[in-house]
Amino acid sequence: MKRRDLLKNLLLTAGVLAADVTWSKSLQSAGSIKGIFPRADDQKLIAEIMETFIPETATPGAKSLKLDHFAMRMIRDCYVQNDQNLFSKGLALVDQVALGLHNKNFISGSKSERELVLKNMQESKEQMQLDFIKIIKALTIVGYQNSEYVMTNIQHYNMNPGFFNGCVPVSKS
């Protein structure tokens with residue numbers, strides 16, 4: 001009987017180890033941002049685009065609130081493959097439009113040049129540019145409205161507004 005228990009435990013352990021290796025490899029490939037954003041400066045580009053929409057004034061801008069991290073996580077975790085590809089191609093289009101207008105990439109342009117690039121893309125007849133601008137604007141707005149700074153300092157959101165006292169007698173009104 002001891003031999004059977006030993007064989008069962010060995011087979012169970014081998015099965016768990018094999019499943020663990022397979023599971024960890026699938027997680028690594030699923031969590032990879034490199035496939036969605038192949039260029040090294042894509043995060044900087046996203047940050048600059050969002051900062052153009054919500055610049056730093058008396059209140060923090062998109063860069064200070066790290067909306068680029070929010071956008072990258074949303075694109076990676078919540079968008080389907082087609083939208084991820086559209087977003088990645090849209091980032092490349094931003095630099096192409098900037099090079100066509102100002103002979104320099106988007107990041108090295110001035111504030112007014114960046115605004116002109118995004119305005120050109122928004123008024124474009126090309127559907128990919130329109131879709132990209134729609135996605136990046138939506139991510140910027142949602143990220144800003146749900147940032148800790150906006151929720152606590154502007155909307156005065158309190159996660160736990162009061163206490164529940166279950167032992168208080170109820171009086172009839």
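In full-length UniProt numbering, the protein residues as written are 1 to 173. Think of the CB as a built atom: it goes at the ideal place given N, C-alpha and C, for glycine as much as any other residue.
Residue i versus residue j - alpha carbon distance
i: residue 133; j: residue 147; result: 21 Å
i: residue 81; j: residue 65; result: 27 Å
i: residue 31; j: residue 137; result: Confidence at residue 31 is low in this model, with a pLDDT of 45, below 50, so its placement is unreliable and no value can be given for it.
i: residue 144; j: residue 9; result: 52 Å
i: residue 155; j: residue 12; result: 54 Å
i: residue 125; j: residue 91; result: 17 Å
i: residue 84; j: residue 158; result: 34 Å
i: residue 179; j: residue 17; result: Nothing can be reported for residue 179, as the shown portion of the chain is limited to 1 through 173.
i: residue 162; j: residue 70; result: 30 Å
i: residue 113; j: residue 44; result: 17 Å
i: residue 109; j: residue 48; result: 10 Å
i: residue 164; j: residue 173; result: 20 Å
i: residue 7; j: residue 15; result: 12 Å
i: residue 3; j: residue 166; result: 57 Å
i: residue 111; j: residue 168; result: 59 Å
Minimum C-alpha distance to residue i - residue among the options
i: residue 46; options: 58, 80, 87 and 17; result: 87
i: residue 51; options: 158, 106 and 101; result: 106
i: residue 97; options: 129, 2, 159 and 13; result: 129
i: residue 142; options: 12, 41 and 68; result: 68
i: residue 135; options: 53, 7 and 17; result: 53
i: residue 39; options: 95, 164, 111 and 170; result: 95
i: residue 42; options: 72, 14 and 63; result: 72
i: residue 37; options: 165, 104 and 89; result: 89
i: residue 55; options: 160, 169, 167 and 140; result: 140
i: residue 93; options: 127, 111 and 63; result: 127
Simplified DSSP assignment, three categories, for residue i
i: residue 114; result: helix
i: residue 36; result: coil
i: residue 89; result: helix
i: residue 27; result: Bear in mind that the predicted position of residue 27 carries a pLDDT of just 49, short of 50, making it too unreliable to give a figure here.
i: residue 148; result: helix
i: residue 127; result: helix
i: residue 59; result: coil
i: residue 170; result: coil
i: residue 9; result: helix
i: residue 70; result: helix
i: residue 2; result: helix
i: residue 84; result: helix
i: residue 96; result: helix
i: residue 65; result: coil
i: residue 46; result: helix
Whole-angstrom C-beta distance between residue j and residue i, which should lie under 8 Å
i: residue 116; j: residue 101; result: 6 Å
Segment contact flag, the region 146–165 with the region 58–73, C-beta cutoff 8 Å, min 3 pairs = yes
Does the pairing of the region 116–124 with the region 68–83 give three or more beta-carbon distances under 8 Å?
-> no
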